[in-house]
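Participant:
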Amino acid sequence: MSGNLIFDAIPVAVENLTQLEYLSFDENYLNGTIPYQISHLQKLQHLDLGSNYLANANWSMFLDLPFLTHLNLYFNSLDLEFPTFVFSSRNLTFLDLSQNQLTGSIPESLFTYLSNLEFLNLNDNLFEGTLSRNISKLSKLTELHLGGNKFSGSIPDSIGLLRNLEVLVLYNNRLEGNIPSSMGQLRVLQKLDLNQKFLNSSIPPELGLCTKLNYLALAVNSLTGPLPLSFSNLTQISELGLSDNFLSGELSPHFITNWTELTELQIQNNTFTGNIPPEIEVPDSIAELSNLQAFSVFTNRLSGSIPKDLGKKSPHLSYVGFSDNSFSGALPEGLCSGLALERFSVNGNNFSGVLPLCLGNCLNLTRVRLDENRFSGNISESFGFHPQLKFISLSGNEFTGELSAQWGLCGSLVNISMSRNKISGAIPSELGNLSNLRYLLLDSNKFTGKIPSTLCNATFLEILDLSNNSLSGYIVFKTGKPWQFVRFIEGAQRKWIRRSMKNTRALHLG
Numbered sequence: 116m117s118g119n120l121i122f123d124a125i126p127v128a129v130e131n132l133t134q135l136e137y138l139s140f141d142e143n144y145l146n147g148t149i150p151y152q153i154s155h156l157q158k159l160q161h162l163d164l165g166s167n168y169l170a171n172a173n174w175s176m177f178l179d180l181p182f183l184t185h186l187n188l189y190f191n192s193l194d195l196e197f198p199t200f201v202f203s204s205r206n207l208t209f210l211d212l213s214q215n216q217l218t219g220s221i222p223e224s225l226f227t228y229l230s231n232l233e234f235l236n237l238n239d240n241l242f243e244g245t246l247s248r249n250i251s252k253l254s255k256l257t258e259l260h261l262g263g264n265k266f267s268g269s270i271p272d273s274i275g276l277l278r279n280l281e282v283l284v285l286y287n288n289r290l291e292g293n294i295p296s297s298m299g300q301l302r303v304l305q306k307l308d309l310n311q312k313f314l315n316s317s318i319p320p321e322l323g324l325c326t327k328l329n330y331l332a333l334a335v336n337s338l339t340g341p342l343p344l345s346f347s348n349l350t351q352i353s354e355l356g357l358s359d360n361f362l363s364g365e366l367s368p369h370f371i372t373n374w375t376e377l378t379e380l381q382i383q384n385n386t387f388t389g390n391i392p393p394e395i396e397v398p399d400s401i402a403e404l405s406n407l408q409a410f411s412v413f414t415n416r417l418s419g420s421i422p423k424d425l426g427k428k429s430p431h432l433s434y435v436g437f438s439d440n441s442f443s444g445a446l447p448e449g450l451c452s453g454l455a456l457e458r459f460s461v462n463g464n465n466f467s468g469v470l471p472l473c474l475g476n477c478l479n480l481t482r483v484r485l486d487e488n489r490f491s492g493n494i495s496e497s498f499g500f501h502p503q504l505k506f507i508s509l510s511g512n513e514f515t516g517e518l519s520a521q522w523g524l525c526g527s528l529v530n531i532s533m534s535r536n537k538i539s540g541a542i543p544s545e546l547g548n549l550s551n552l553r554y555l556l557l558d559s560n561k562f563t564g565k566i567p568s569t570l571c572n573a574t575f576l577e578i579l580d581l582s583n584n585s586l587s588g589y590i591v592f593k594t595g596k597p598w599q600f601v602r603f604i605e606g607a608q609r610k611w612i613r614r615s616m617k618n619t620r621a622l623h624l625g
């Protein structure tokens, strides 16, 4: 009966199904308590009541369910301490209590009475206390999910004795100290999520022995030191998240060349520099990653040029984040050849030259940041029709040419920032068609002519900056609400004209 939008409570008449072995009501709208009559189903092996609105039960019902092996109560309204009556179901192999409001610590008796568990999920509750070294008694576990709680202390070394573990999730707790080197004994581990705030060791090289890993998340900690060279053994890694730490050293091609399955590389907000700080080039080997979808290295100390073939062999590349480094040179022509780009951020570097022509053909672009570089070229030749584009910032470059009327067809645009370039000609009247536009920053360019009156149609506009151009005329804003949220940044000759019309302000540039 899963996913059938069943409302109301679980009927007590279920007690009449005395031969029932499998009962599933997950993903409905059931409310009330879990009826005690379920205890009459003494042959029941599988009970799935997840994703409902069920409240605390009379947990003694589990005293009479000796054959129960699968219990799923995730995403309900349970708000008590750990339900110890479940320990009577000693044949349990699957227990999911995630996404409730359970409190207290994990009872030590769990490790004795539920030693047959293969799957344990306590994610996203309010559990606290330390992780017991007796967790190693759950030697049959293949998946252990304890993320999103308030566990504190260190990760016990004994966790390395869970030799069958394939998934270990400990994200968003208050765990601190070292990543145990004993984790290197988890030779079948495929997913490891230690995104925390307080882990403060180096990354143990023993992690490189977990050669089955395809997902490794160590972000938002205080990890230090270089990436272990043993990471070159992680040939099945698909997603690697190391962002927001204090990692340093070289982004070595010795391990990147082996990561042929990589789809996401997130190493932003670290201090990677290379052997002679701050000199390090992005290894050419990155260009060989054919499955790459996201490549984010922003806010490091990386320099050099971008590999000329990056993108040519990564047709699914949708996110590029090179911001706030010291990269230089031109962007390679193949970077967007797969036309899959959605987010493209290279701001705050020393890039120069014209943009790749293929960028104008990436119809899935939603966010583009090229500001604070030395890009040049005709603005109309660099961008075309981008129906999904919401944010574009080109400020602080050397773009020339005129804005085309095509910009008025990019109906999703919320932010246009092209300040401090050499863009000339008239401001296209079609910009007034952008009904979602909130920020329009065209200051410090070479625009001429009259300010288009159509800008008054941009009723959501909050910030307008046309200063330091050669514009004339005025705009009457009919916003339907006080115009106090619309600001004109200080600039060249200008004066304000208030009209008698309610909620209307006029801007005049002389």
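In this text, residue positions in the sequence shown follow the numbering used here: the first is 116, and each later residue adds one.
Cβ atoms here follow ideal geometry from the backbone N, Cα and C, with glycine treated the same way.
Small disclaimer: the values here were computed from a predicted structure and weren't measured.
Check whether chain B comes within 8 Å of residue 150, counting only Cβ atoms and requiring the distance to be less than that.
Facilitator: Of the protein chains in this structure there is only one, and it is not chain B.
Participant: Only counting the same chain, and skipping five residues up and downstream in sequence, which positions put a Cβ closer than 6 Å to that of residue 520?
Facilitator: Contacts found: 543, 545.
Participant: Using CA coordinates, which residue listed in 147, 186, 362 is at the minimum distance from residue 162?
Facilitator: Nearest of 147, 186, 362 to residue 162, Cα basis: 186.
Participant: From residue 550 to residue 420, what does the alpha carbon distance come to, in whole angstroms?
Facilitator: Going from the Cα of residue 550 to the Cα of residue 420 covers about 39 Å.
Participant: Do the CB positions of residue 259 and residue 235 come within less than 8 Å of each other?
Facilitator: Their beta carbons are under 8 Å apart, which means residue 259 touches residue 235 by this criterion.
Participant: In terms of alpha-carbon separation, which member of 548, 585, 471 lies closest to residue 569?
Facilitator: If we check each option's Cα against that of residue 569, 548 comes out closest.
Participant: Leaving aside the five residues before and after residue 340 along the sequence, list all residues of the same chain whose C-beta is less than 6 Å from its C-beta, in chain order.
Facilitator: Correct list, in chain order: 317.
Participant: What are the start and end residues of each continuous beta strand (DSSP E) run of 3 or more residues lying completely inside the region 232 to 319, in chain order?
Facilitator: List check, beta strand (DSSP E) in window: 234 to 236, 243 to 245, 258 to 260, 265 to 268, 282 to 284, 289 to 292, 306 to 308.
Participant: Whole angstroms are fine: how far does the CA of residue 197 sit from the CA of residue 97?
Facilitator: One cannot answer for residue 97 here, as it falls past the ends of the chain, which runs 116 to 625.
Participant: Considering only C-alpha positions, which residue in the set 372, 365, 488 is nearest to residue 444?
Facilitator: When only C-alpha atoms are compared, the closest one is 488.
Participant: Within 10 Å of its beta-carbon, does residue 119 have 16 or more other beta-carbons around it, so buried, or fewer, so exposed?
Facilitator: With a pLDDT of 41 at residue 119, under the threshold of 50, the modelled position of that residue is not reliable, and the figure given next carries that caveat. Result: exposed.
Participant: Under 8 Å by Cβ, that's how I've got residue 183 and residue 160 pegged, so tell me the actual separation to the nearest angstrom.
Facilitator: Yes, residue 183 and residue 160 are in contact; Cβ-Cβ is about 6 Å, under 8 Å.
Participant: Assuming residue 499 and residue 476 make a contact with CB atoms under 8 Å, what is their CB distance in whole Å?
Facilitator: Contact flag correct, Cβ pair sits at about 7 Å.
Participant: Whole angstroms are fine: how far does the CA of residue 225 sit from the CA of residue 483?
Facilitator: Whole-angstrom Cα-Cα distance: 51 Å.
Participant: So, at 6 Å on beta carbons, what are the nonlocal neighbours of residue 508 in its own chain, with the 5 sequence-adjacent residues on each side left out?
Facilitator: Contacts found: 484, 486, 532.
Participant: Within a Cβ cutoff of 7 Å, which residues of the same chain sit near residue 429, ignoring the five residues on either side of it in sequence?
Facilitator: Answer for residue 429: 404, 405, 407, 453, listed in chain order.
Participant: Look at the alpha carbon of residue 301 and the alpha carbon of residue 332, and state the distance between them as a whole number of angstroms.
Facilitator: Rounded to whole angstroms, residue 301 to residue 332 spans 16 Å at the Cα level.
Participant: Give me the Cα-Cα distance between residue 529 and residue 296, rounded to the nearest whole angstrom.
Facilitator: Going from the Cα of residue 529 to the Cα of residue 296 covers about 48 Å.
Participant: Buried or exposed: where does residue 596 fall if 16 or more other Cβ atoms within 10 Å of its Cβ makes it buried?
Facilitator: In this prediction, residue 596 has a pLDDT of 46, which is less than 50 and means its spatial position is unreliable; nothing more can be read from the coordinates.
Participant: Does DSSP classify residue 431 as helix, strand or coil?
Facilitator: Reduced to three states, the DSSP call for residue 431 is coil.
Participant: Given that a residue counts as buried once 16 or more other Cβ atoms are within 10 Å of its Cβ, and exposed if not, what is residue 409?
Facilitator: Result: buried.
Participant: If you count every other CB in all the chains shown that lies within 10 Å of the CB of residue 211, and 16 or more means buried, which is it?
Facilitator: So residue 211 counts as buried.
Participant: What distance in whole Å lies between the Cβ atoms of residue 293 and residue 311, which are believed to be in contact at a cut-off of 8 Å?
Facilitator: 12 Å between Cβ atoms; not a contact.
Participant: Just verifying my parser: in three-state terms, what is the DSSP assignment at residue 469?
Facilitator: Three-state DSSP puts residue 469 in coil, outside helix and strand.
Participant: Could you name the residues of the same chain whose beta carbon sits closer than 8 Å to that of residue 440, not counting the 5 residues immediately before and after it, in chain order?
Facilitator: The residues are 412, 413, 414, 415, 416, 417, 418, 463, 464.
Participant: Measuring alpha carbon to alpha carbon, tell me which of 156, 166, 127, 147 ends up nearest residue 141.
Facilitator: Answer by Cα proximity: 166.
Participant: In whole angstroms, what is the alpha-carbon distance linking residue 321 and residue 575?
Facilitator: Between residue 321 and residue 575, the C-alpha separation is close to 55 Å.
Participant: Pick out whichever of 565, 559, 422, 526 has its Cα sitting closest to the Cα of residue 541.
Facilitator: Considering only alpha carbons, the answer is 565.
Participant: What span of residues does the alpha helix (DSSP H) with residue 225 cover, start to end?
Facilitator: Note, residue 225: alpha helix (DSSP H), 225 to 228.
Participant: Can you check whether the CB of residue 497 is closer than 8 Å to the CB of residue 524?
Facilitator: Cβ atoms of residue 524 and residue 497: not closer than 8 Å.
Participant: Taking Cβ to Cβ, would you say residue 248 is nearer than 8 Å to residue 273?
Facilitator: Taking 8 Å as the Cβ cut-off, residue 248 and residue 273 qualify as a contacting pair.
Participant: In terms of alpha-carbon separation, which member of 586, 265, 232 lies closest to residue 257?
Facilitator: Taking only the C-alpha atoms, the option nearest residue 257 is 232.
Participant: With 16 as the cutoff for other CB atoms within 10 Å, does residue 356 come out buried or exposed?
Facilitator: That one is buried.
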